[in-house]
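K.L.:
Can you read through this structure? Questions will come right after.
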Amino acid sequence: MKFSTSVIALGAAAAVSGAAVQLAKRFVGDGTWYNVSVGYGACGTLQGDHEYVVAVSDRRYEETKVDGNPNNNKICGRLISIDGESANGPVTARVVDRCGGCKYDDIDMSPALFQHVVGDLGLGRRQINWHFI
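Mapped onto my numbering, the consecutive letters of the sequence shown carry residue numbers 5 to 137.
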């Protein structure tokens, strides 16, 4: 009995460990910025340029759609940890939109987030690292 309990516990730990590895997959892409305050994002919400929010690539957005309503997309509201070349370290941001000009692992950021992650808005595009939380 003790042996079977240990085997079950070990199997459960391996399953949890495997799931954690999948969730922690890291992506490298270009970080850009846009004025998020111009209107509703693809997720159907309004944001301000001061908020830490992002748009993911169209392709990544399309992969997670649930039905014909873009506001119901599973990626909407997901949190990511994002880090760039500034000395500020990683920061958490929320997915609120899609980016038509982004490659698969690129992230389009609010101005405030871009400044935190990269620095000067004038840089326009820089490599970033990110993952879903």
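Ideal Cβ positions, reconstructed from N, Cα and C, are used throughout, including at glycine.
For asparagine 77, is the classification buried or exposed, using 16 other Cβ atoms within 10 angstroms of its Cβ as the cut-off for buried?
P.N.:
Buried, by the Cβ-count rule.
K.L.:
What residue does the alpha helix (DSSP H) around alanine 116 start on, and which one ends it?
P.N.:
115-121 is the span of the alpha helix (DSSP H), which, as asked, contains alanine 116.
K.L.:
Is glutamine 131 buried or exposed, if buried means 16 or more other CB atoms sit within 10 Å of its CB?
P.N.:
Glutamine 131 comes out exposed.
K.L.:
Taking DSSP as the reference, what is the three-state secondary structure of valine 40?
P.N.:
Looking at valine 40 - three-state DSSP - the assignment turns out to be helix.
K.L.:
Using the Cα positions of histidine 135 and glycine 128, report the straight-line distance between them to the nearest angstrom.
P.N.:
Between histidine 135 and glycine 128, the C-alpha separation is close to 21 Å.
K.L.:
Just to confirm the assignment: which complete beta strand (DSSP E) runs, minimum length 3, are found wholly within the segment 29-81?
P.N.:
Runs found: 30-37 and 57-61.
K.L.:
Across the segment 47-59 and the segment 27-34, are there enough close Cβ pairs to call them in contact, namely three or more that are closer than 8 Å?
P.N.:
With a cut-off of 8 Å, the segment 27-34 and the segment 47-59 do not count as touching, because too few Cβ pairs lie within range.
K.L.:
Among Tyr44, Val99 and Gly123, which one has its Cα closest to the Cα of tyrosine 65?
P.N.:
That would be Val99, whose Cα lies nearest to the Cα of tyrosine 65.
K.L.:
Who are the Cβ neighbours of aspartate 109 in its own chain at under 7 Å, not counting the five residues just before and after it?
P.N.:
Counting only Cβ-Cβ distances below 7 Å, and skipping sequence neighbours, we find Phe31, Val32 and Gly33.
K.L.:
Give me, in chain order, the residues of the same chain whose beta-carbon lies closer than 6 Å to that of glycine 52; leave out the 5 immediate sequence neighbours on both sides.
P.N.:
These residues qualify, in order along the chain: Ser41.
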